[in-house]
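Chains as they are written, first to last, in my numbering: chain R, 50 to 388; chain V, 50 to 388.
Read through the structure below, which is laid out as structure tokens, and then see the notes.
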DNA sequence: ATCCCAACAGTTTACGGTATCGTTCAAGCG
DNA sequence: CGCTTGAACGATACCGTAAACTGTTGGGAT
């Protein structure tokens with residue numbers, strides 16, 4: 050059987066209340082008793098029972114994070130940030146993958162609610178929002194959306210400044226002397242739209258025309274990102290006016306695009322420049338290191354965690370916010386030909 | 050405030066005991082009352098408080114999984130398998146990344162213990178085992194090691210049959226008519242040793258000599274796997290007797306190795322065949338699809354989950370086991386030249 | 001000497017759910 | 001008609017912890 054407060058108390062001839070007080074740092078215990086207790090607690094490897102504590106206090110000092118998959122590298126940094134924010138305040142973090150399944154996502158959220166987590170962070174791919182809206186209204190616990198924002202959710206969101214992503218990528222290509230810049234837009238999401246907006250803004254600001262035929266969408270959404278980038282680029286290269294710069298929605302698409310160009314004997318970066326997004330550590334060490342938009346995932350997670358903690362803390366300066374993280378360009382060989 | 054049993058009871062003029070019984074499927078409640086309760090429970094969106102339940106029953110119907118990182122794609126399938134096993138028995142699963150940090154790993158385990166999970170599954174990169182041994186001895190809750198096995202831990206382990214991995218990869222290259230087969234061994238782990246063993250076995254069985262200079266270790270362990278595969282292969286190609294087959298510890302190393310060969314104008318698979326390990330979905334769609342050893346991650350997770358559940362269940366046919374999953378070869382272009 | 005108040009420790013009660021046993025009441029039986 | 005029986009539901013105690021309160025010292029101020 051596990052060690053309980055009572056056991057330690059009996060062992061030291063104290064009441065369990067005294068042990069509890071020591072462990073929670075109450076001040077009305079003599080230093081000597083404190084030391085004795087702490088020593089025995091360590092010896093017996095006492096681990097507090099959060100269930101019991103939570104029952105009494107209504108708090109578990111634990112936050113829950115639901116994310117679509119544990120296989121995505123860029124989520125790792127975000128989780129790290131959240132964990133760091135949580136740890137700094139003595140909070141634990143537990144995670145649950147939803148396997149990109151809406152129904153399962155709901156079940157996981159319920160598991161977390163059953164476990165009485167103090168706040169819920171959600172990276173959701175869902176576009177339907179009724180479930181979340183209900184939760185927000187019921188005000189059971191703070192809800193923070195991370196990285197992805199279901200349509201309709203405007204508050205308690207920490208994500209990427211997608212307009213800036215589009216603008217920075219495009220601006221960089223313009224500085225690389227690219228005149229015809231293509232945008233391989235990814236999924237049909239609000240984020241991709243925002244980036245398209247930044248892309249157009251950058252073109253406009255530099256007096257370049259926006260040519261809608263250079264914004265290409267994938268034909269086969271079920272294909273891998275690599276394939277989709279590859280095929281889209283093959284199509285671009287078959288047309289008359291070849292692009293001389295390509296920005297892709299993701300790194301994987303950019304790599305596919307580069308391989309397509311290489312297969313057509315296009316020289317990179319002399320004839321064509323490429324910019325990805327995500328700054329995936331795996332990909333930057335490939336043959337032609339890819340210029341990419343770095344998403345400060347750790348910072349993103351940190352802010353999200355802090356937002357959640359502030360919301361737990363209550364009203365004191367914690368009204369619903371919307372935080373957008375500014376991206377950062379990382380120059381590599383795929384675009385530094387004519388910079 | 051959250052809905053409690055008491056609220057539902059008051060609402061229906063019943064005692065909370067009755068509600069509890071209905072929800073746990075006790076039989077001494079009339080069908081009519083049952084229906085009334087269930088209806089109201091759904092309407093009020095009652096979510097049980099596991100904390101309270103666990104306090105009384107000693108169970109949370111929840112398992113905890115600690116893994117080094119959430120960024121590794123191959124862990125995704127494993128988690129999915131565990132979750133499936135858990136779900137089938139009405140168990141929840143919560144996950145926690147340790148960020149490959151031993152100290153943090155311990156803290157996460159303690160968080161799980163505080164939350165009173167019924168079993169703990171661990172994917173640990175740690176080689177030191179004292180902490181785990183202590184836990185196993187103290188017999189607080191079942192402990193199952195998944196995918197990686199800390200040295201010294203022999204029981205309750207579900208992992209990959211690494212000897213088979215080495216053998217199958219090597220045998221395949223032999224069938225591809227390769228005569229000089231190199232093994233790019235990865236980290237200095239027991240797993241890499243086991244694969245080397247399988248590699249030697251396969252060579253012996255087919256009457257090929259084991260040449261120790263064809264088993265190469267990385268010079269720069271801090272580099273990315275891609276780079277390490279690349280550089281190791283460059284070195285191999287500089288020697289007199291070039292290998293005509295290469296098996297790598299991981300897919301990423303294999304891709305690096307292939308790129309090195311390509312950069313030296315070696316034709317793949319005509320002049321040189323490559324086999325990776327992991328069967329990463331991202332990589333199989335690259336220019337030269339990579340033959341790889343598929344690890345049935347989902348099955349692995351499933352077995353691990355079942356093992357944990359059996360251990361929770363108690364003595365009935367659940368003594369400590371050691372389960373090794375057989376790998377499977379997936380042939381692709383990187384090796385099908387002379388098959 | 002008396003009172004008061006730190007400083008310290010113990011008691012009581014409550015959290016939300018569940019195991020166990022008890023109660024009620026109508027039906028069935030000899 | 002008294003008794004048993006059993007279905008349907010309720011009362012109580014308890015799980016491990018914590019808040020709020022109650023005691024018990026002993027020492028300094030009055």
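Here a beta-carbon is modelled for each residue, glycine too, at the ideal position from N, C-alpha and C.
Residue-chain proximity (residue i, chain R), Cβ-Cβ < 7 Å
i: residue 101 of chain V; result: yes
i: residue 338 of chain V; result: no
i: residue 261 of chain V; result: no
i: residue 53 of chain V; result: no
i: residue 125 of chain V; result: yes
Min CB distance residue i to chain V below 7 Å
i: residue 143 of chain R; result: yes
i: residue 384 of chain R; result: no
i: residue 173 of chain R; result: no
i: residue 104 of chain R; result: yes
i: residue 120 of chain R; result: yes
i: residue 146 of chain R; result: yes
i: residue 129 of chain R; result: yes
i: residue 267 of chain R; result: no
i: residue 57 of chain R; result: no
Closest by C-alpha distance to residue i, when choosing among the options
i: residue 115 of chain V; options: V:150, V:307, V:308, V:329; result: V:150
i: residue 348 of chain R; options: R:244, R:132, R:323; result: R:132
i: residue 279 of chain R; options: R:303, R:56, R:263, R:81; result: R:303
i: residue 189 of chain V; options: V:372, V:378, V:360; result: V:360
i: residue 127 of chain R; options: R:374, R:81, R:98; result: R:374
i: residue 241 of chain V; options: V:225, V:265, V:123; result: V:265
i: residue 259 of chain R; options: R:79, R:245, R:76, R:75; result: R:245
i: residue 166 of chain R; options: R:195, R:104, R:174; result: R:104
Sub-7 Å separation of residue i and residue j beta-carbons
i: residue 192 of chain R; j: residue 184 of chain R; result: yes
i: residue 172 of chain V; j: residue 210 of chain V; result: no
i: residue 100 of chain V; j: residue 100 of chain R; result: yes
i: residue 216 of chain R; j: residue 247 of chain R; result: yes
i: residue 315 of chain V; j: residue 231 of chain V; result: no
i: residue 329 of chain R; j: residue 308 of chain R; result: no
i: residue 337 of chain R; j: residue 382 of chain R; result: yes
i: residue 201 of chain V; j: residue 178 of chain V; result: yes
i: residue 96 of chain V; j: residue 159 of chain R; result: yes
i: residue 54 of chain R; j: residue 70 of chain R; result: no
i: residue 297 of chain V; j: residue 310 of chain V; result: no
i: residue 112 of chain R; j: residue 168 of chain R; result: yes
i: residue 293 of chain V; j: residue 249 of chain V; result: no
i: residue 362 of chain R; j: residue 341 of chain R; result: no
i: residue 223 of chain V; j: residue 143 of chain R; result: no
i: residue 339 of chain R; j: residue 221 of chain R; result: no
i: residue 376 of chain R; j: residue 205 of chain R; result: no
i: residue 261 of chain R; j: residue 277 of chain R; result: no
i: residue 130 of chain V; j: residue 351 of chain V; result: yes
i: residue 120 of chain R; j: residue 122 of chain V; result: yes
i: residue 207 of chain V; j: residue 372 of chain V; result: yes
| Mind listing which residues of the stretch 273-298 of chain V have their C-beta closer than 9 Å to chain R's C-betas, in chain order? | 273, 274, 275, 276, 279
| query | Along the stretch 83-99 of chain R, what residues have a CB closer than 8 Å to any CB found in chain V? | reply | Residues of the stretch 83-99 of chain R with a Cβ closer than 8 Å to any Cβ of chain V, in chain order: 94, 96, 97, 98, 99.
| task | Determine, using beta-carbon pairs with one atom in the stretch 124-142 of chain R and one in the stretch 73-93 of chain R, whether at least three such pairs fall under 8 Å. | result | no
| query | Does the stretch 274-289 of chain R come within contact of the stretch 245-253 of chain R, defined as at least 3 CB pairs closer than 8 Å? | reply | Between the stretch 274-289 of chain R and the stretch 245-253 of chain R, the count of C-beta pairs closer than 8 Å stays below three; the two stretches do not touch.
| said: Please identify, using Cβ separations under 7 Å, the residues of the stretch 65-82 of chain V that lie next to chain R, in order along the chain. | reply: none
| field | Residues in the stretch 159-173 of chain R having any Cβ partner in chain V nearer than 9 Å | value | Along the stretch 159-173 of chain R, going in chain order, the ones with a CB nearer than 9 Å to a CB of chain V are 159, 160, 161, 162, 163, 164, 165.
| request: Identify each residue in the stretch 323-335 of chain V for which the Cβ-Cβ distance to at least one residue of chain R is less than 8 Å, and report them in chain order. | output: If the cut-off is 8 Å between Cβ atoms, the stretch 323-335 of chain V has 330, 331, 334, 335 near chain R.
| request: Spell out a yes or no on whether the stretch 352-363 of chain R and the stretch 318-331 of chain R are touching, meaning 3 or more CB-CB pairs, one atom from each, closer than 8 Å. | output: no
| Using a beta-carbon distance cut-off of less than 9 Å, what residues from the stretch 299-311 of chain V approach chain R? | 301, 304, 305, 308, 311
| said: Counting only Cβ-Cβ distances shorter than 7 Å, please list the residues of the stretch 175-190 of chain R near chain V, keeping chain order. | reply: 189
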